[in-house]
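For reference, the structure is listed below as structure tokens.
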Ligand SMILES: [Zn+2]
């Protein structure tokens with residue numbers, strides 16, 4: 034069974050883990066589903082369904098460069114919004130859950146969770162690795 038799953042996922046986008054776009058879509062779909070039950074906005078049920086369907090489509094897609102670009106585009110255009118929500122959460126919890134590091138190779142900003150000790154960070158843009166204390 035494990036072998037079957039491995040072969041099934043091989044060469045598909047989902048084999049490389051979940052990206053930001055998938056995570057956000059799943060969270061939004063769950064929120065929309067909940068809202069469709071507690072509010073008269075039943076249309077949200079269908080929106081949530083389409084979102085989940087799209088997540089599956091992306092996971093099983095073999096066009097990895099296209100999915101990768103899609104996520105890049107998504108991150109680029111939602112980073113401020115998501116950063117805003119993370120900022121609210123940090124205000125409530127009183128501590129910063131993340132620290133922003135700059136890649137020494139290309140200057141790309143990378144968000145790393147705090148309190149993990151010494152970690153090797155791999156830049157998603159240029160692939161350069163560097164070690165930081167978190
Ligand atoms: Zn870099």
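Numbering (this note's numbering), first residue to last: 34 to 167. Glycine included, C-beta positions come from ideal geometry on N, C-alpha and C. None of the values given here were measured: they were computed from a predicted structure.
Contact test: residue i Cβ vs ligand 1 heavy atom, cutoff 7 Å
| i | result |
| --- | --- |
| residue 144 | no |
| residue 50 | no |
| residue 95 | no |
| residue 158 | yes |
| residue 88 | no |
| residue 138 | yes |
Short Cβ contact (8 Å threshold) for residue i with residue j
| i | j | result |
| --- | --- | --- |
| residue 92 | residue 39 | no |
| residue 61 | residue 68 | no |
| residue 107 | residue 53 | yes |
Close beta carbons around residue i, own chain, < 6 Å, minus the five adjacent residues each side
| i | result |
| --- | --- |
| residue 97 | 46 |
Beta-carbon contacts of residue i that lie in its chain and below 7 Å, excluding the five residues immediately before and after
| i | result |
| --- | --- |
| residue 129 | 123, 147 |
Burial state of residue i (16 or more Cβ within 10 Å)
| i | result |
| --- | --- |
| residue 159 | exposed |
| residue 111 | exposed |
| residue 55 | buried |
Contact set for residue i: own chain, Cβ-Cβ below 8 Å, skip 5 residues either direction
| i | result |
| --- | --- |
| residue 155 | 161, 162 |
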